[in-house]
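Some notes on the structure that comes next.
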Amino acid sequence: MIEVLNAGRWTTIQDRGRSGREHFGIPPGGAADWFAAAAANRLVGNHPDAALLECTVAGPSLRFDSDVHVAVTGARAAGIETWVPQVATAGSTLEVGAIGPGLRTYVAVRGGIDVPVVLGSRSFCQRGAFGGGFGRPLAAGDRLVEAALVDGEPLSSSWPAGHRLSIGSPWEVRVIGGPHSDAFDRGTLERLTAVACRVSPELDRMGMRLATPSLRMQAHEIITVPMPAGAIQVTPAGELIVSLADHPTTGGYPVIATVITADLPLLAQARPGDTVRFREADLAEADRAWRRLAGWLEMDT
Amino acid sequence: MWQVAAAGDRALLVTISRTIDPAVLGEVLALDRAILDRRPPGLISTVTAYGSLLCHYDPAVSDGARLAGEIRTFEGRLDATVPTGSVVDVPTRYDGPDLTDVAAKINLRAAEVIELHAGREYLVYCVGFAPGFTYCGTLDDRLALPRRASPRTRVPAGSVGIAGPQTGIYAVESPGGWNLIGRTDMRLFDPAADPPARFKPGDRLRFVPVE
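If you're matching them up, the sequences are chains A and B in order.
Residue numbers are given in my numbering: position 27 of the first sequence equals residue 17, and the series is strictly consecutive.
Take any residue in the second sequence, note its place counting from 1, add 42, and you have its number in my numbering.
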C-alpha cells in the first residue's frame, strides 16, 4: 500500500490509454509522454499495460508500507534519481519534487497501480471525470494498492543515457503534412517549419497552444472533422492548437500538419515559454523514428 | 471524388464531402460499416464526423498507401442511404442563459425560438469533441447564429446549444462557445453503460419542451 502524503500539482493515474472509443467522443488518453511511461514500466519489470503515476510541474510525496521496486522517468524532478531501478523500503517516503526541465515525470511501482479498468483503460479521463481510480487527480490521503501486472524481473541497471530522449527547449518536432494542406495557401507548411513557435501558458493534457508571432497563416474554414493526437490546427487568428493525449476527438479548424508518434513525447514535455520548431518528415522517417524508440524499449515491432 | 490523406503516421482521413448533408452522412456511415466489415489488415478503429472518416491503423502491419487503396475500392460502390431510425424525444427545459439574447438577435420572441427549435427532427451528424457531445443538424435558417464571442469556461452537462446551422447537447461539463437555449436531464454519457454514449451518428432526435 502507498499513501499519498502530498499529491503534487497534478498527478494522475495513466496507462497506455483507451484507443478505439473516439466515436463516443472519448479521448484515447494514456501517458502523455508514452515513451517515458513505457520505460518506467520496463525498469520495474511491469507488463506494458500496468498503470503508473503521471506527475506534472511538481510531484507527489508517497509513503510505502512495504518494500517496493520503483522507477522514476521522464523529466528530472528535484530530490530524486531518475531512470534507475530503486527500492522504496517499508516506511520510507518518496518525494518527487519540482519538475524540470520538461513538464512530466512518471513514477512506476512494481506490479502497477491497482485501479479498475473503465472503458478499456485505467487512465484518468479529465473531460469525462472517470478512470484513474478516483475519477480525479490524486489528493492527499489517497491510498494506492499495487497490482500484479508484472512481465519479468526489474532491471538491474539504470536506463542507458543514449536510449532516452533529450529533454529541453528548443524542441525539434517532426510532422507529416496535412491532412488539410489544401485549406492553406501554397507554401504555408514550409513557412511554418521555418519559424520558431512559442508554447503558450494555456496547456493541459488535452492540448497545447503555440504562438507563431512572425507568421501569417490564412486558412479556409472546415466542417468538424475527427482528429488524432498530434494534429496541429490553425485558428483564424493564426495560433496553433496541437492535440495531446486527452484531445477532443473532433476539431473545427483545418489541420496543417500532424506530429509523428515518435515525437509526441517531446511535445508532452514542452513547457509554457519553450520554443518548438517543426520539421517536415515523410512516413518512412516516422516509421524509422518509432522503431528506434520501440527498439530502446525492446517492444515488439 | 473522395480525398484520402495522411493524418500523421498512424491514421488516414477520408473526406467524402465538406458539406452538412444527410446523404453525405449516409455515405460516410456506409463506408464506416464497409471498412469495419472488411477489417483490412492493420486497421485499428474508425471515427466519423459529418462528411469525413478517420481510420487509425498500425503501420507495422499495413502501410498507409495500401490501406488508402483498400478504402478507395469502396468509392462509388456503397449502398448509401439517408439514415432513418426511430426518433428519440429529448425532454428540454428552454431556460438557457442565452435564450433571450438569441431571440433579440433574430427579432423573435423567446416562445418563437423555442417553437422553431422544437419544431423539427434532427439528424445526429457526429458524437465527438468531448465524451457523448451530440452534434445535430440542421437548424431552421432563422436560428443560425455565430458562436458566442467569448466561450464559457464551464457549460453544465445536459446544456442544449445552437451554433451556425447546428444544435448540440453537452453530455459532460466542458468549456463551450455555443449559445445555450435549454437543458435536458437525459443522461447522454455514462462510462458504466454499454454503449457509453446515448446517441450515435445517424440517430434522429427531437427536442420536446418541458417545464
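Even for Gly, the Cβ is constructed at its ideal location relative to N, Cα and C.
Note down, in chain order, each residue of its chain lying with its Cβ closer than 6 angstroms to the Cβ of residue i, except the 5 sequence neighbours on either side.
| i | result |
| --- | --- |
| A28 (chain A) | L287 |
| R248 (chain B) | V129, D131 and E163 |
| E85 (chain A) | S51 and G69 |
| A26 (chain A) | T63, G64 and Y96 |
| L283 (chain A) | F25 and A252 |
| T291 (chain A) | Residue confidence is low: T291 (chain A) scores 46 on pLDDT, short of 50, so the model does not pin down where it sits. No coordinate-derived value is stated. |
| T178 (chain A) | M207 |
Only counting the same chain, and skipping five residues up and downstream in sequence, which positions put a Cβ closer than 8 angstroms to that of residue i?
| i | result |
| --- | --- |
| R66 (chain A) | T72, I89, G90, P91, G92, T95 and I157 |
| S111 (chain A) | D5, R6, G7, R8, G19, G20 and G121 |
| R62 (chain B) | Strictly speaking, residue 62 (chain B) in this sequence is Ile, with Arg absent from that position. Excluding positions up to five away in sequence, the list reads Y92, G93, Y167, G179, T180, P207 and Q208. |
| M198 (chain A) | V189, S190, E192, I231, V232, L234, L257 and A260 |
| E253 (chain B) | R135 |
| G81 (chain A) | R53, F54 and D55 |
| E154 (chain B) | A145 |
Along chain B, in chain order, which residues have C-beta atoms closer than 7 angstroms to that of residue i?
| i | result |
| --- | --- |
| R176 (chain A) | Under the 7 angstroms cutoff, chain B gives no residues; its nearest Cβ is about 16 angstroms from R176 (chain A). |
| T1 (chain A) | Result: empty, since nearest Cβ-Cβ is about 21 angstroms, beyond 7 angstroms. |
Starting from the beta carbon of residue i, find every residue of chain A whose beta carbon is closer than 8 angstroms, and list them in chain order.
| i | result |
| --- | --- |
| T195 (chain B) | Within chain A, no residue comes near T195 (chain B); the closest Cβ sits about 11 angstroms away, beyond 8 angstroms. |
| R60 (chain B) | I212 and I213 |
| P125 (chain B) | What P125 (chain B) touches in chain A: nothing, since even the nearest Cβ is about 15 angstroms away. |
| Y92 (chain B) | I213, T214 and V215 |
| P237 (chain B) | F14 |
| G106 (chain B) | L273 |
So with CB distances below 7 angstroms, who are the chain A contacts of residue i?
| i | result |
| --- | --- |
| P233 (chain B) | V108, L109, G118 and F120 |
| P101 (chain B) | D277 |
| F171 (chain B) | G15, P238, T239 and T240 |
| C168 (chain B) | T214 and T240 |
| Y164 (chain B) | Those within 7 angstroms of Y164 (chain B) in chain A number zero; the least Cβ separation is about 15 angstroms. |
What residue range does the alpha helix (DSSP H) around residue i cover?
| i | result |
| --- | --- |
| L73 (chain B) | P64 to R80 |
| I113 (chain B) | G106 to R114 |
| R181 (chain A) | T178 to L182 |
If the cut is a Cβ gap below 8 angstroms, which residues of chain B does residue i touch?
| i | result |
| --- | --- |
| G10 (chain A) | I86, S87 and H98 |
| A221 (chain A) | A49 and G50 |
| P218 (chain A) | A49, G50, R52, A53, L96 and H98 |
| T72 (chain A) | Correct list: empty, because the minimum Cβ distance to chain B is about 28 angstroms. |
| T251 (chain A) | G50, D51 and R52 |
Report the three-state DSSP secondary structure of residue i (helix, strand or coil).
| i | result |
| --- | --- |
| N149 (chain B) | coil |
| G285 (chain A) | helix |
| P255 (chain A) | helix |
| L158 (chain B) | helix |
| T291 (chain A) | Low per-residue confidence applies at T291 (chain A): pLDDT is 46, beneath 50, and the placement is therefore not dependable, though the value from the model is reported in the following sentence. Here T291 (chain A) sits in coil by DSSP. |
| W161 (chain A) | strand |
| H237 (chain A) | coil |
| T88 (chain B) | strand |
| G152 (chain A) | helix |
| T95 (chain A) | strand |
| T142 (chain B) | helix |
Which residues mark the beginning and the end of the beta strand (DSSP E) in which residue i is found?
| i | result |
| --- | --- |
| A30 (chain A) | Looking at the DSSP string, A30 (chain A) is not in any beta strand (DSSP E); the run it does join, the alpha helix (DSSP H), is W24 to L33. |
| C178 (chain B) | T176 to G179 |
| C289 (chain B) | Residue 289 (chain B) cannot be examined here, being either before or after the span of chain B that is shown, 43 to 253. |
| L185 (chain B) | Segment: none, L185 (chain B) is in no beta strand (DSSP E) and carries neither H nor E. |
| H59 (chain A) | V58 to G64 |
| G93 (chain B) | Here G93 (chain B) belongs to no beta strand (DSSP E), and DSSP marks it neither H nor E. |
| R246 (chain B) | R246 to P251 |
At 9 angstroms on the CB atoms, spell out the chain A contacts of residue i, in chain order.
| i | result |
| --- | --- |
| A48 (chain B) | I166, G167, G168, P169, T248 and L273 |
| G174 (chain B) | F14, G15, I16 and G118 |
| Y177 (chain B) | T214 and T240 |
Just to confirm my understanding: we take residue i, look at its own chain, exclude 5 residues before and 5 after, and list those with CB closer than 7 angstroms. What are they?
| i | result |
| --- | --- |
| D236 (chain A) | P17, G19, C115, Q116, R117, R195 and M196 |
| P251 (chain B) | T134, Y136, I156 and A160 |
| N(-4) (chain A) | P50, S51 and A130 |
| V71 (chain B) | Before going further, note that residue 71 (chain B) is Leu rather than Val in the sequence given. Closer than 7 angstroms at the Cβ level, and outside the excluded window around L71 (chain B), lie T90, P125, P243 and G244. |
My understanding is that residue i touches residue j, with C-beta atoms under 8 angstroms, so please give their C-beta distance in whole angstroms.
| i | j | result |
| --- | --- | --- |
| P50 (chain A) | G(-2) (chain A) | 4 angstroms |
| A39 (chain B) | V169 (chain B) | Outside the shown range of chain B, which is 43 to 253, sits residue 39 (chain B), and nothing can be said about it. |
| T88 (chain B) | D74 (chain B) | 5 angstroms |
| A78 (chain A) | G101 (chain A) | Rounded, the Cβ-Cβ distance is 13 angstroms, inconsistent with contact. |
Quick one, which residues of the region 199 to 224 of chain B are near chain E if we go by CB-CB under 9 angstroms, in chain order? Considering every chain present, this structure includes no chain E. Its protein chains are A and B.
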